[in-house]
Every structure is written in structure tokens, then in C-alpha cells.
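Read in order, the letters of the sequence shown correspond to residues 5 to 254 in this note's numbering.
Below is one structure, written out as C-alpha cells, with a few remarks after it.
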Amino acid sequence: IVAFGPVRASAAGPAAPAAAAGPPLRVLAYDTRPFFHRDDGKPAGFEYELLEYYARSKGRPLQLIWVDDFEQVLPRLVKGEGDVAAATLTDTSERQRQVDFSARYFPVRVMLVEPRTQNTKSLADLAGATVATIKGTTYETVMTTIPRAKFVYGITEDDLLQLIASGKARAAAADSALVLNPLRKYPQLHLGIALSAEQGLAFAVPKGSPLRDELSKHLAQLKAGQIYYRLLEKYFGAEAAKLGAAGGGP
5 IVAFGPVRAS AAGPAAPAAA AGPPLRVLAY DTRPFFHRDD GKPAGFEYEL LEYYARSKGR
65 PLQLIWVDDF EQVLPRLVKG EGDVAAATLT DTSERQRQVD FSARYFPVRV MLVEPRTQNT
125 KSLADLAGAT VATIKGTTYE TVMTTIPRAK FVYGITEDDL LQLIASGKAR AAAADSALVL
185 NPLRKYPQLH LGIALSAEQG LAFAVPKGSP LRDELSKHLA QLKAGQIYYR LLEKYFGAEA
245 AKLGAAGGGP
């Protein structure tokens, strides 16, 4: 597994210098902690800080447009209701037919979660075990390949972790991007084998938008200056460094 890169323990670096005032950067945001969320009404999160650095460097205030229904994020972007979408969007070939994507900023894949005392080598090792999953998800699809598996269900990724930690389930499948933060509350659990090919999260912009290249350059600059890695550790902890980098490096 390729590490994200060097991580320093200090807080995120100095703010990007402000440029001359420009038009607002309209962001279609979807509340998914810790990527983009609200704390006491104030925006926060990994995606938020990445975009806030960019907007500040361009002298463009962020105009946040919160979208309650995830399935409406891309349609609203295509309609021109925003300049960029920040919604833990996986860059897929299907979505590329609708929108353009920046460089990927976070690797994502479905992975096995299990107790640190276990070291499962393949799903066949879990034959006959009770596993935790969420109905109607890719997690459930993956886990149905386990011979004679029995299922217990949760609603959120945190529910799955609780079921494993309490001994009610032997393991679970979960999206690495969504399980990293809640996993920090369960030091007795860890990420095991990968259960899907690696993809990556990216910012979506309308087709032909110059923001695609501008945001990609911005992400590269944050990585070169170590700010990206400090934000990564701030929101996801040291466990994040164990994940592979989508496309060969974040």
C-alpha cells in the first residue's frame, strides 16, 4: 500500500495570501462529516478547507449552497446552480459523461473492517461468520459472496463498527472514505483487506470549466507545501496514511 506522503503534526499552515476581490465561488455542498459539514452553523471539514484555501488565494468568497439530497448534487451542477460540487464524489467514468473532475484528493475503496486481533486474508476465511452490513449497499453485495454468512444490519458506518466492537459481528465491509473518522473511536478495530478496486474522490465542475485545471493545480500546491497532509491528519488521523493513493498518489 502506498502511503499518502509525509505528515507533520502541526496545525494547517499559514493562510493563502488573499488576491483581489472576485466573484463568489458557488459550492454545492453535501453534509458528510468530516468532509464537509456544519459545526454550530459554521462550515468545516476536509473538503471545505481545501476549497477555502483556493478561494482565498483567488480573492473569491465561498458561497455555500447546501444540498440535502445527494442524488441532486450533480444534476444541480449541470443546471448551472454551482461552480463546483463538494460531496464526497467518486470520480467514475459514468459521472465523467456529465461533469469534469479535478485531480483526486482522497483515495476510496471498499475495505474489510475487523478486530486488530484478526488478519483475514480473503472473504472465504469468513465462511459461516456473522458479518455486519447496511441494506441495499455495495457493502452488502460484497459480503453476500461469503459462504454461509449470517447478517446483522446497521444504518450508518458507525453502527457497523459498534456491531464489531461489541462482538455481535466478526467483520464488516465499509467505504474507506466514510469509515476512517468513526474508526478513530475504536482503537481495537482496523482496516483489513481491500474488497474493491481503488478509486478516488474529486471535486466536480461543469463540463469545460477552467476550474478543473485550476483546482488540480491548487491541490498539487497544497501537497507540495505540506498543507494537504496536515489537513489529512487533522481530519482522519494517522490511519489515513495506510491507505493507497488513487491513481498512484494523492
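The C-beta atom is built at its ideal place from N, Cα and C for all residues, glycine as well.
Computed from a predicted structure; not experimentally measured.
- For residue 179, the pairing in a beta bridge is given by DSSP as 114.
- The straight-line gap separating the alpha-carbon atoms of residue 140 and residue 47 is approximately 30 Å.
- Secondary structure of residue 157 (DSSP, three-state): strand.
- In this structure, residue 69 keeps its C-beta atom at 8 Å or more from the C-beta atom of residue 49.
- By the neighbour-count definition (other C-beta atoms within 10 Å, threshold 16), residue 180 is a buried residue.
- Residue 118 places its beta carbon less than 8 Å from that of residue 174.
- The continuous alpha helix (DSSP H) containing residue 240 extends over residues 231 to 240.
- According to DSSP, residue pairing for residue 89 in a beta bridge involves 32, 208.
- The Cβ atoms of residue 28 and residue 67 lie closer than 8 Å to each other.
- Non-local C-beta neighbours of residue 125 in its own chain, meaning closer than 8 Å and more than five positions away in sequence, comprise 197, ordered along the chain.
- In this structure, the straight-line span from the alpha carbon of residue 172 to that of residue 39 is close to 29 Å.
- Counting C-beta atoms within 10 angstroms of its own C-beta, residue 74 has fewer than 16 neighbours from the protein chains shown and is therefore classed as exposed.
- Judged by their CB atoms, residue 188 and residue 241 are nearer to each other than the 8 Å cut-off.
- Minimum Cα-Cα distance from residue 96 among the listed residues 84, 146, 111 corresponds to 111.
- Beta-bridge partners of residue 127 (DSSP): none assigned.
- A straight line joining the alpha-carbon of residue 194 with that of residue 32 spans about 33 Å.
- For residue 83, no beta strand (DSSP E) run applies, since DSSP gives it neither H nor E.
- For the pair residue 71 and residue 34, the CB atoms are nearer than the 8 Å cut-off.
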